[in-house]
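Worksheet: one structure, shown below.
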Amino acid sequence: MPELPEVEVTRRQIEGLLVGRRIARVLTTARSYFFLTDPRRLRRGLTGRCVTRLDRRGKYLVATLDDGKQLLLHLGMSGQLFAEGVTSPRLLSASARSALTPEKQAAFAPDRHTHLQLCFEDGGPSVLMRDVRKFGKVRLLEPGESEPRLDKLGVDALEATGEQLFRATRGRQIEIKGLLLDQSVIAGVGNIYADECLFRAGVRPTRRAKRVTRRECDELIRALRETLQRAIDSGGSSISDFVAPDGRDGGYQDERCVYARSGEPCPVCGTPIRKIVAAQRGTHFCPKCQR
DNA sequence: ATCTGTCCCTGGACGC
DNA sequence: TGCGTCCAGGGACAGA
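Position in the first sequence counted from 1, then plus 470, gives you our numbering.
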């Protein structure tokens with residue numbers, strides 16, 4: 471599931487494929503839950519335009535167009551943004567995968583989950599957005615139009631401080647993991663990196679936020695930054711669906727300590743990693759190292 | 001204001 | 001082999 475590192479890796483790669491190229495044609499699937507802007511209006515609004523910059527806000531990508539409009543993209547949990555011509559088994563369903571031997575895997579061809587395709591005047595590779603579960607979002611913002619989803623975002627996870635986290639935890643009954651996942655407090659943290667940073671900071675995910683000390687908040691933020699930065703450097707986590715725009719897998723799944731490792735020994739003390747539900751999410755922790 | 005539960009969607013895992 | 005059932009998970013929203 472794309473979180474800050476995966477979105478940032480996507481941003482860095484897709485920026486070069488998007489910025490400065492004029493959109494000649496836009497293909498979409500039919501109107502659905504996925505489109506916050508009606509696909510017809512989206513196609514009309516994007517055709518002929520040029521992306522001038524691509525920013526990341528938490529887990530959102532914001533492409534600014536040359537007419538002042540902005541294209542808002544969210545990858546949800548199964549969203550993939552990539553260049554035409556790439557090949558990856560993660561872009562295929564299991565049945566399509568097994569039908570092809572590795573040598574025979576052709577470049578990706580748009581399927582029913584490919585909700586957006588931007589083709590460019592220069593005739594070079596198009597940019598595609600695919601999302602099997604449709605938890606992702608696309609919206610075209612008029613110049614100056616606000617978007618509550620963006621307005622609500624808290625401080626970006628890479629810029630958050632221990633002091634900010636500490637203030638946010640005061641008086642809160644919620645589990646600390648739930649607070650870390652709250653995008654209005656810290657933007658960009660999802661299930662994987664919440665579990666990883668709680669492990670690295672030695673804090674149990676179920677601890678009430680108000681019971682987390684100032685020192686632990688510093689430790690959590692330090693661990694969070696380290697984890698996110700390391701994940702960006704290794705290309706993100708490809709645990710289920712994530713592929714980078716160039717079709718390559720990330721590498722951070724091999725470095726994670728607890729996420730999706732229940733039953734495996736804790737890398738620090740050897741105690742089996744336990745899996746529970748916290749904040750309505752699968753949650754992995756070491757019962758000995760995390761208090 | 002804060003918190004909890006429900007819903008959106010689909011493929012994959014699992015049981016019979 | 002094949003079918004049915006359950007589950008994951010980001011985030012919006014309703015209701016307590």
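Ideal placement from N, C-alpha and C gives every residue a C-beta, glycine not left out.
Span separating the alpha-carbon of residue i from that of residue j
| i | j | result |
| --- | --- | --- |
| Y503 | H583 | 13 angstroms |
| L690 | Q540 | 34 angstroms |
| K745 | F755 | 7 angstroms |
| T639 | I646 | 8 angstroms |
| G721 | D508 | 36 angstroms |
| A657 | K604 | 21 angstroms |
| L524 | Q750 | 32 angstroms |
| R514 | V625 | 34 angstroms |
| R761 | L651 | 19 angstroms |
| R481 | V532 | 9 angstroms |
| G660 | E473 | 5 angstroms |
| S654 | G648 | 11 angstroms |
First and last residue of the uninterrupted beta strand (DSSP E) at residue i
| i | result |
| --- | --- |
| L623 | No beta strand (DSSP E) holds L623; DSSP gives it neither H nor E. |
| L561 | First-last for L561: undefined, no H or E at that position. |
| G549 | 549-553 |
| T583 | Note on residue identity: the sequence assigns His, not Thr, to residue 583. It is not in any beta strand (DSSP E) - H583 carries neither H nor E in the DSSP assignment. |
Cβ shell of residue i (< 6 angstroms), same chain only, five flanking positions each side left out
| i | result |
| --- | --- |
| K758 | C739, T741 |
Residue i - containing alpha helix (DSSP H), residue span
| i | result |
| --- | --- |
| G490 | Counting along the chain, G490 falls outside any alpha helix (DSSP H), and DSSP gives it neither H nor E. |
| G515 | 509-516 |
Residues of its chain near residue i, where Cβ-Cβ distance is below 7 angstroms and the 5 sequence neighbours each way are ignored
| i | result |
| --- | --- |
| K680 | T639, R640, G641, R642, Q643 |
| Q483 | A714, P715, D716 |
| L698 | L474, P475, A627, L628, Y663 |
Supposed contact pair residue j and residue i - C-beta distance, whole angstroms, cut 8 angstroms
| i | j | result |
| --- | --- | --- |
| G538 | P613 | 4 angstroms |
| V479 | I702 | 6 angstroms |
| D601 | Q550 | 7 angstroms |
| R519 | L535 | 5 angstroms |
3-residue-minimum beta strand (DSSP E) runs that sit fully inside the region 675-726, ordered along the chain: The qualifying runs do not exist here; there are none.
Segments of 4+ residues assigned as alpha helix (DSSP H) that fall wholly inside the region 591-676: Inside the region 591-676, DSSP marks whole alpha helix (DSSP H) runs of 4 or more residues at positions 618-621, 632-639, 646-651, 661-671, from first to last along the chain.
Those runs of the beta strand (DSSP E) which lie wholly inside the region 722-756 and span at least 3 residues: Qualifying beta strand (DSSP E) stretches, in chain order: 744-748, 751-755.
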